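Below: one structure, written as structure tokens.
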Amino acid sequence: MKTQEKGFTVLEVMLVVILISILAGIVIPRFIVSTKQAKVQACETNRAIINKQVESYYFAESTWPVDSLSDIKSNFNYFPDGIPTCPVDETSYVLRPSPYHRVSGHREGDGTHVWK
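Per the working numbering, the very first residue in the sequence shown carries number 1001; after that it's consecutive.
So, in structure tokens, the structure goes:
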């Protein structure tokens, strides 16, 4: 009598590999888009926080900080852990000159800063 060997056939293995490939093709692009959106949202949140601290600096010092935000960086009352960098491209935030006095975010595809 022959004993039956237990295992998967080549066809079954190929089907599993194909299904995993299809699922990966659907999930990975969505994950990448979600990650990018989360970084953009974090950038907007950072800008809002920095803008509030810029206003606080203005009310305390009666002058706006310099464009590089070095005035705020050197004063640990505003950002004890340092000013965050943009999570999208890891660049430093820059203060837009008057009359706006708002910080920039990451650069868009054409190289221009995001101002809000």
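Quick reminder that beta carbons are idealized off the backbone N, C-alpha and C, glycines included. Source: prediction; values computed, not measured.
Does the beta-carbon of Ile-1032 have 16 or more other beta-carbons within 10 angstroms, so that it is buried, or is it exposed?
The residue given as residue 1032 occupies position 32 in the sequence shown. Classification of Ile-1032: exposed, given that the 10 Å Cβ count is below 16.
Excluding five sequence neighbours on each side, which residues of the same chain lie with their C-beta closer than 7 Å to the C-beta of His-1101?
The count along the sequence shown starts at 1 and reaches residue 1101 at position 101. These residues qualify, in order along the chain: Val-1054, Trp-1064 and Leu-1095.
CA-to-CA distance, Asp-1071 to Tyr-1058, given in whole angstroms:
As a position in the sequence shown, residue 1058 is number 58, starting the count at 1. As a position in the sequence shown, residue 1071 is number 71, starting the count at 1. Cα-Cα distance, rounded: 11 Å.
For Ile-1050, which of Met-1014, Leu-1023, Asp-1067 and Ile-1026 has the nearest alpha-carbon?
As a position in the sequence shown, residue 1050 is number 50, starting the count at 1. Of the listed residues, the one whose Cα sits closest to Ile-1050 is Asp-1067.
Quick check on DSSP: helix, strand or coil for Ser-1104?
In the sequence shown, residue 1104 corresponds to position 104, counting from 1. Strand at Ser-1104.
State the Cα-Cα distance for the pair Thr-1003 and Ile-1022, rounded to the nearest angstrom.
Here residue 1003 refers to the residue found at position 3 of the sequence shown. Here residue 1022 refers to the residue found at position 22 of the sequence shown. If you take the alpha carbons of Thr-1003 and Ile-1022, they lie about 36 Å apart.
Answer yes or no: do Arg-1047 and Tyr-1078 have a C-beta to C-beta separation smaller than 9 Å?
In the sequence shown, counting from the first residue as 1, residue 1047 sits at position 47. In the sequence shown, counting from the first residue as 1, residue 1078 sits at position 78. Cβ distance not < 9 Å, so Arg-1047 and Tyr-1078 don't count as in contact.
Please classify Val-1017: is it buried, with 16 or more other beta-carbons within 10 angstroms of its beta-carbon, or exposed?
In the sequence shown, counting from the first residue as 1, residue 1017 sits at position 17. Label assigned to Val-1017: exposed.
Taking the C-alpha atoms as reference points, what is the distance between Asp-1110 and Glu-1044?
Residue numbering aside, residue 1110 sits at position 110 when the sequence shown is read from its first letter. Residue numbering aside, residue 1044 sits at position 44 when the sequence shown is read from its first letter. Since pLDDT at Asp-1110 reaches only 48, below the 50 mark, its modelled position is unreliable, and no value is offered.
DSSP three-state assignment for Asp-1110, whether helix, strand or coil:
Position 110 of the sequence shown, counted from the first residue, corresponds to residue 1110. At Asp-1110 the pLDDT is 48, less than 50, meaning the model places this residue with poor confidence; the figure from the coordinates comes in the next sentence. Coil at Asp-1110, not helix or strand.
Can you give, in chain order, each stretch of the alpha helix (DSSP H) that sits fully within the region 1005-1077 and has at least 4 residues?
Counting only runs of 4 or more, we get 1010-1061 and 1070-1074.
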